[in-house]
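Quick note on the working numbering: the sequence shown kicks off at 139 and runs consecutively. Using N, Cα and C, we set each Cβ at its ideal position, and we do this for glycine too. Below is one structure, written out as structure tokens; comments come after it.
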Amino acid sequence: MVAAIWRYPVKSLGGDSLDACDLSEHGFADDRAWALYGADGKIGSGKNTRRFRTMARLLELGSTRTADGVSVRFPHGPPVLGPGPDLDAALSRWVGEPVTVRPESNIRHHDSKPVHIISTSSLAWLGRALGDDTAADPRRFRANLVVEFGGDAARPEEAWIDRRLAIGGAVLRVVERTARCVMVGTTQRDLPADARLLRALAQENHGCLGVYAEVEAGGTIRCGDTIRVT
């Protein structure tokens, strides 16, 4: 069953929990549709890769889709609407360098595949590994779908690789495990930094938790939808 749906309008910022969302071959509507770009053309993130570059304190911010673009929530003060010069200026002050908010182009903002799934069983497994049931907050892992699945498997979604999931009006194909990075332990608005998470995953599950999926058929997914694995 779908327990929660999350969308992150601006990459590497916090997002919103939704009751329902439309899904296309590119992922959930408006998920990671915008990103912060530095003067070097790299995308703001919590890690450094060929495409991404670390920018400070992004996960302390929240983002919401609006009729005309996005709204970014800061810890203090009112939300700032964008894209545009006001939002660029506010974010530049926040991260301490010039940045602009740009929409997605032909280069996708997703780290890998368009849909990220994690199960409540996996979160519970990690909590047990840490000896702290509160540590594995689903917000740490920034999945689009948080799912509940019956059975005793510790990480049931890993058994779905190369299988199809029919959810609501959509069909997904699970393709790989999700390799985690330092962002899982980064400070968020109401979550403190916690280096134990990535260390435990490295020791217990090759640094992975959750799975990525591709979209074979688009449709609307709602909280409470059942999941059929084929």
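- For R311, the three-state secondary structure derived from DSSP is strand.
- Taking T204 as reference, the option from A267, G153 and P252 with the minimal CA-CA separation is G153.
- In this structure D157 is exposed. Its beta-carbon is surrounded by fewer than 16 other beta-carbon atoms within 10 angstroms.
- A contact is defined here as three or more CB-CB pairs under 8 angstroms, and the region 165 to 182 fails this definition with respect to the region 268 to 279.
- In the DSSP assignment, no residue is bridged to L336.
- Counting along the chain, A262 sits inside no beta strand (DSSP E); it lies in the alpha helix (DSSP H) bounded by residues T258 to L268.
- In the displayed model, A142 falls within a strand according to three-state DSSP.
- Of D160, P236, V218 and R301, the smallest CA-CA separation from G307 is found for D160.
- Considering only P236, G222 and L219, the residue with the shortest C-alpha distance to D178 is P236.
- In the structure shown, the three-state DSSP call for G207 is coil.
- Closest in C-alpha terms to L264, from the list N343, V353 and S162, comes N343.
- Under the DSSP assignment, D226 falls in the alpha helix (DSSP H) whose first and last residues are P223 to V233.
- Measuring C-alpha to C-alpha distances from A351 to each of A292, T325, D328 and A304 identifies A304 as the nearest.
- In the structure shown, L219 adopts extended strand secondary structure according to DSSP, grouped into three states.
- In this structure, L347 lies away from I255, with their beta-carbon atoms at least 8 angstroms apart.
- CA-to-CA, the gap between L225 and D332 works out to about 29 angstroms.
- Of all C-beta pairs linking the region 193 to 212 to the region 311 to 328, three or more are shorter than 8 angstroms, placing the two stretches in contact.
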